[in-house]
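Below is the structure:
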């Protein structure tokens with residue numbers, strides 16, 4: 001990830017930054033888990049995940065306990081991305 005990716009995170013809406021932080025602190029979660037932890041609506045979480053995926057800071061994987069759901073986690077990123085989110 002380049003320095004410009006950190007700038008892109010800074011330009012994301014607050015809901016996307018919140019979802020990023022929830023994933024950072026609570027590890028890989030399903031969309032339902034993110035909704036419960038963040039207390040955002042399911043629609044808002046879906047939108048935030050789409051925006052985070054566009055920037056390339058999250059990975060989507062199959063949730064083996066229930067294949068109907070996906071597991072989301074943060075990709076490996078440099079410190080600049082974390083600094084951009086905390087601003």
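Residue numbers (our numbering): 1 to 87. For each residue, glycine too, the CB sits at the ideal point set by N, CA and C.
Per DSSP, the unbroken alpha helix (DSSP H) holding residue 52 starts and ends at 42-55.
Where residue 20 is concerned, the enclosing alpha helix (DSSP H) starts and stops at 14-26.
For residue 31, the enclosing alpha helix (DSSP H) begins and ends at 31-38. Cα atoms of residue 69 and residue 26: separation of roughly 17 Å, rounded to the nearest angstrom.
Leaving aside the five residues that flank residue 31 on each side, the residues in its chain whose CB is nearer than 8 Å to its CB run, in chain order, 42, 45, 46, 49, 69, 70 and 72.
Residue 65 counts as exposed, since fewer than 16 other C-beta atoms from the protein chains shown sit within 10 angstroms of its C-beta.
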